[in-house]
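The sequence shown begins at 0 in numbering that gives the first Met the number 0 and counts up by one. Positions of the beta carbon are idealized from the N, C-alpha and C atoms, including for glycine. Some notes on the structure that comes next.
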Amino acid sequence: MTVRPRIVTVEDLQPRFAYGRDGKSLRIATLYAPPELTQRGVCVLLHGQTEFIEKYLEVIGELLARGYTVATLDWRGQGGSCRALDDPLRAHIGDFTQYDSDLQVFMDKVVRNLTSRPPIALAHSMGAHILLRAMHDHPGQFSAAVLSAPMLRVQTRGYPPWLARLMCRMQNVGGRQAQWVTGMKARDPLKMTFADQLVTSDPQRFQRTQSFLREHPNLRLAGPTWGWLEAAYRSMQQVNSRGYPEAIATPTLVIGAGRDRIVDTAGTRAFARHLPNGRYEELAEAEHEILMENSAIRARFWNAFDAFIANYL
């Protein structure tokens, strides 16, 4: 499929706010498919932890060029949405059911007004994890889904996984839920260089994200708290439990990153085998942020996306 991407600017976003069930603000954006193109419905775009809508302008343009109307949001605790703590650089959540609730509010208040049929979804990392929870709990809500490097198991960087999990639990039992995970306090994205980062091999796309953050420093997030990490571990345990993936009937393409240093690609591969209507592809040269990778890797991603989604239009 030959697609000429649409150029989307920050001004095109015109973000607005919806409100969670607890009244907390969620920044959202809707961009409509160009009327001259064949209309293919709605794509719900869900990004990863620390990310924000502006980071995905290129991706939004590629979806618009395919004829999709795009609905997206900043998760609570990041981007332009509400922050859980007084320190806005800390990613914190009490439980992933809060993300579940926010996604359902978004589906009810925003997506339902855009289409009468189930949308497709494109989701990355933490967003893909939350999407899996939604597809499990709300069968039929999405017609098909494409997951980029879903957060199913995390890399523990030199620690055995069981020890990393135990350390996290001990910090939470000790009342340090709102404190930084060790090493995160010093990780201000504005000071990060290309050599410091672990998510892409493409310096131009990395610098583009840095430019957004320099212009809008309020969008940045440094890293998680022990409470966020404990909530993530609980949710990953649930999603990986016996019978959980088998209960997700939505047709799903899972795309893993062969050089991922954030999530455990072996865990992604294993999970995908249990999806009854799942397919797995792996981009051997890709780092974690596949959609922010170099153009050759991204072209392979979009080829896989187009071939898969064509079956469900």
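Subject >> Assigned exposure category for Thr8 - 16 Cβ within 10 Å defines buried >> reply: With a threshold of 16 other beta carbon atoms within 10 Å, Thr8 falls short and is exposed.
Original post:
For Phe193, which residues from the same chain have a beta carbon less than 6 Å from its beta carbon, with the 5 sequence-adjacent residues on both sides left out?
Top reply: Cβ contact annotation for Phe193 (same chain, cutoff 6 Å, sequence separation greater than five): Pro202 and Phe205, in chain order.
Original post:
What is the C-beta distance between Met125 and Val198, in whole angstroms, given that I count them as a contact (C-beta under 8 Å)?
Top reply: Going by Cβ atoms, the distance from Met125 to Val198 rounds to 13 Å, so no, they are not a contact pair.
**OP:** Quick one: grab the DSSP three-state call for Arg258.
**Re:** The answer is coil: DSSP assigns Arg258 none of H, G, I, E or B.
**OP:** Could you give the DSSP three-state label for Glu245: helix, strand or coil?
**Re:** In the three-state reduction of the DSSP assignment, Glu245 falls in the helix class, which pools H, G and I.
Subject >> Ala221 classed as buried or exposed, judged by whether at least 16 other C-beta atoms fall within 10 angstroms >> reply: So Ala221 counts as buried.
Original post:
Taking the alpha-carbon positions, what's the Phe105 to Arg20 distance?
Top reply: Roughly 11 Å separates the two Cα atoms.
Original post:
Does the separation of the CB atoms of Arg132 and Val238 fall below 8 Å?
Top reply: Taking 8 Å as the Cβ cut-off, Arg132 and Val238 qualify as a contacting pair.
Subject >> Collapsed DSSP secondary structure at Glu284 in the structure displayed >> reply: In the structure shown, Glu284 falls within a coil segment according to DSSP collapsed to helix, strand and coil.
**OP:** Output yes or no for whether 8 Å exceeds the beta carbon distance between Ile119 and Ile308.
**Re:** Cβ atoms of Ile119 and Ile308: closer than 8 Å.
Subject >> Span separating the alpha-carbon of Ala143 from that of Ala177 >> reply: So the two alpha carbons sit approximately 36 Å from each other.
Original post:
How is Cys81 classed by DSSP in three states: helix, strand or coil?
Top reply: When secondary structure is reduced to three states using DSSP, Cys81 falls in the coil class, being assigned neither helix nor strand.
Original post:
Using the C-alpha atoms, what's the distance from Leu218 back to Asp107?
Top reply: Roughly 25 Å separates the two Cα atoms.
Original post:
With contact counted as at least three CB pairs below 8 Å, one residue from each stretch, are the stretch 253-267 and the stretch 146-155 in contact?
Top reply: By the Cβ criterion, the stretch 253-267 is in contact with the stretch 146-155, since at least three pairs of Cβ atoms, one from each stretch, lie closer than 8 Å.
**OP:** On a CA-only basis, which of His135, Gln140, Gly277 and Ser294 is nearest Thr251? Give me that one, please.
**Re:** Just measuring C-alpha positions, the residue of His135, Gln140, Gly277 and Ser294 sitting nearest Thr251 is Gly277.
Original post:
Nearest-angstrom Cα distance between Lys23 and Thr37?
Top reply: For Lys23 and Thr37, the distance between alpha carbons rounds to 36 Å.
**OP:** Please list the segments of the beta strand (DSSP E) lying wholly inside the stretch 12-74, counting only runs of 3 or more residues, in order along the chain.
**Re:** The DSSP assignment places complete beta strand (DSSP E) segments of no fewer than 3 residues inside the stretch 12-74 at 15-18, 24-30, 40-45 and 67-72, in order along the chain.
**OP:** Under 7 Å Cβ to Cβ from Ala248, same chain only, skipping five residues before and after it: list those, please.
**Re:** Pro138, Pro275 and Asn276, listed in sequence order.
Original post:
Shortest alpha-carbon distance to Ala64 belongs to which of Pro33, Pro188, Ile92 and His46?
Top reply: Closest in C-alpha terms to Ala64, from the list Pro33, Pro188, Ile92 and His46, comes Pro33.
**OP:** Would you be able to state if there are at least three C-beta pairs under 8 Å between the stretch 227-238 and the stretch 157-171?
**Re:** Three or more Cβ pairs drawn from the stretch 157-171 and the stretch 227-238 lie within less than 8 Å of each other, which places the two stretches in contact.
Subject >> Continuous beta strand (DSSP E) assignments of at least 3 residues falling wholly in the stretch 78-166 >> reply: Here the runs fully enclosed are 119-123 and 143-147.
**OP:** Under the assumption that Thr29 contacts Ala70 (Cβ atoms under 8 Å), give the Cβ distance between them as a whole number of angstroms.
**Re:** Contact holds; Cβ gap of about 5 Å.
Subject >> Burial state of Asp73, where buried means 16 or more other Cβ atoms lie within 10 Å >> reply: Its Cβ being crowded by 16 or more others within 10 Å, Asp73 is buried.
Original post:
Can you tell me whether DSSP reads Arg5 as helix, strand or coil?
Top reply: Here DSSP, grouped into helix, strand and coil, assigns Arg5 to coil.
**OP:** Rounded to whole angstroms, what's the CA-CA distance from Pro117 to Phe141? Just pull it up for me.
**Re:** If you take the alpha carbons of Pro117 and Phe141, they lie about 5 Å apart.
Subject >> Alpha carbon of Tyr55 to alpha carbon of Leu25, nearest angstrom >> reply: Leu25 has its alpha-carbon roughly 17 Å from the corresponding atom of Tyr55.
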